[in-house]
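S.K.: Here's a structure for you.
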Amino acid sequence: MKNINDIKKIAVVGSGTMGVGIAQVFAQYNYPVILFDVNANALEKAKNILNKNLDFLVEKSKISAEEKTNIYNRVTFETQAEQVIADFIIEAIIENETAKKELFKSLANYNTPDCIFATNTSTIPITKIANGIPNPERVLGVHYFNPAHIMKLVEIIAGVQTDKNIAQICYDLMKHIGKTPIMASDAPGFIVNRVARHYYVESLKIAEENISNIETIDILMENAGFKMGPFKLMDLIGVDVNFSVTNSIYNLFYQDAKFRPSRIQQQLVDAGNHGRKTGKGFYEYK
Ligand SMILES: NC(=O)c1ccc[n+]([C@@H]2O[C@H](COP(=O)([O-])OP(=O)(O)OC[C@H]3O[C@@H](n4cnc5c(N)ncnc54)[C@H](O)[C@@H]3O)[C@@H](O)[C@H]2O)c1
């Protein structure tokens with residue numbers, strides 16, 4: 019693969035919080051996109067979200083009704099892994115190293131050796147994911163932020179084995195679809211998640227120590243200039259996803275106390291209260 023002109027077809031694996039927004043932007047930029055999920059219900063949910071997101075753009079006169087139909091029709095919803103054939107595949111499945119490796123190994127059976135395998139992992143080292151995948155030089159991190167169809171920033175992360183030219187092609191691809199890519203090193207949490215950890219971890223400590231409550235902390239941080247308070251943000255991200263990111267960074271830094279996960283967050287995860295996507299997290303949602 020020489021440059022972005024060789025990328026004609028996109029596949030997004032995992033149609034949850036991140037996958038649908040990632041697929042939407044590619045479709046808006048005229049790419050045919052396969053959105054693949056093992057869970058048919060998740061795909062149904064993704065169809066509704068995509069529809070709603072595009073309706074919103076029509077309402078705001080950003081796109082016409084005809085453009086909406088064209089964008090929507092560029093996305094194919096798929097539940098069979100054998101059908102996931104593309105030039106650029108990005109996975110946004112659960113944050114689990116084994117699951118991501120198994121996925122890429124299986125997709126390697128259906129795709130050419132120069133098909134790019136990008137992972138949206140928040141914290142798993144790219145070097146670890148790439149190890150054992152056929153043609154590991156095509157594996158890299160392309161890390162979006164939530165909501166993926168709105169947030170401009172994307173971290174491009176090359177692992178030890180990644181071909182630097184592939185990283186550059188992905189950087190160019192992100193620019194081409196209106197994103198603001200930056201190159202990051204394959205270090206724990208890359209850049210943004212490492213910095214942001216303290217926003218969540220300290221806020222959780224303050225709540226745990228009864229210094230203040232979650233509503234007050236959110237109000238204070240929003241008035242201090244943050245767009246969203248930490249608890250509202252964790253509910254948006256997914257309390258489970260945010261918790262596993264903290265755990266992962268904590269362990270990658272050899273249990274450095276400054277990244278220690280919180281018990282109140284652990285309890286919400288155990289209770290299945292994962293934030294907006296389950297209707298309940300730190301707050302309740304109708
Ligand atoms: N949520 C965020 O704010 C956020 C931000 C940046 C990066 N990420 C990362 O993106 C990834 C996805 O996070 P999410 O919040 O969208 O997760 P999610 O739980 O909302 O969605 C994951 C989807 O993947 C599907 N899935 C699981 N295993 C699969 C497989 N083997 N093949 C196909 N589909 C499979 C599930 O059915 C589900 O629909 C994670 O690695 C996460 O760390 C999340």
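In terms of this note's numbering, the sequence shown opens at residue 19 and continues consecutively.
Where is the CB? At the ideal position from N, CA and C, for every residue including glycine.
None of these values were measured; they are calculated from a predicted model.
Would Gly290 be called buried (16 or more neighbouring beta carbons within 10 Å of its own) or exposed?
M.R.: Gly290 comes out exposed.
S.K.: Nearest by alpha-carbon distance to Ile306: which of Leu61, Ala29, Tyr217 is it?
M.R.: The structure shown does not extend to residue 306, since the chain spans only 19 to 304, so no value can be given for it.
S.K.: Under 8 Å, do Pro279 and Phe261 count as touching if we go by C-beta distance?
M.R.: In this structure, Phe261 lies closer than 8 Å to Pro279 by Cβ.
S.K.: Curious, which full-length beta strand (DSSP E) runs of at least 3 residues does the stretch 61-122 contain?
M.R.: If we require 3 residues or more, the beta strand (DSSP E) runs fully inside the stretch 61-122 come out as 93-96, 106-109.
S.K.: When the Cα atoms are used, what is the spatial distance from Gly150 to Lys123?
M.R.: Those two C-alpha atoms are separated by around 8 Å.
S.K.: Pick out the complete alpha helix (DSSP H) segments inside the stretch 203-288, 4 residues or longer, and give them in chain order.
M.R.: DSSP runs (the alpha helix (DSSP H)) wholly in the stretch 203-288: 210-226, 232-241, 248-255, 257-270, 281-288.
S.K.: What do you get for Met239, buried or exposed, if any count of 16 or more other CB atoms within 10 angstroms of its CB means buried?
M.R.: Looking at its Cβ environment, which holds 16 or more other Cβ atoms inside 10 Å, Met239 is buried.
S.K.: Between which two residues does the beta strand (DSSP E) holding Val31 run?
M.R.: 28-31 is the span of the beta strand (DSSP E), which, as asked, contains Val31.
S.K.: Using only the heavy atoms of ligand 1, determine whether one of them is closer than 7 Å to the beta carbon of Ala60.
M.R.: Indeed, a heavy atom of ligand 1 lies less than 7 Å from the Cβ.
S.K.: Between the Cα of Gln42 and those of Ser203, Glu85, Lys245, spot the shortest distance and give me the residue it belongs to.
M.R.: Cα-wise, what sits closest to Gln42 is Glu85.
S.K.: Nearest-angstrom Cα distance between Asn164 and Met36?
M.R.: Cα-Cα distance, rounded: 7 Å.
S.K.: Where does the unbroken alpha helix (DSSP H) through Thr145 begin, and where does it stop?
M.R.: 144-148 is the extent of the alpha helix (DSSP H) around Thr145.
S.K.: Could you give the DSSP three-state label for Ile187: helix, strand or coil?
M.R.: If DSSP states are grouped into helix, strand and coil, Ile187 belongs with the helices.
S.K.: Out of Ala214, Ala58, Lys20, which one is the CA nearest neighbour of Glu96?
M.R.: Here the closest residue by C-alpha is Ala58.
S.K.: Spatial neighbours of Lys182 within its chain, please: C-beta separation below 7 Å, excluding the five flanking residues on both sides.
M.R.: Within the same chain, Lys182 has close Cβ partners Ala176.
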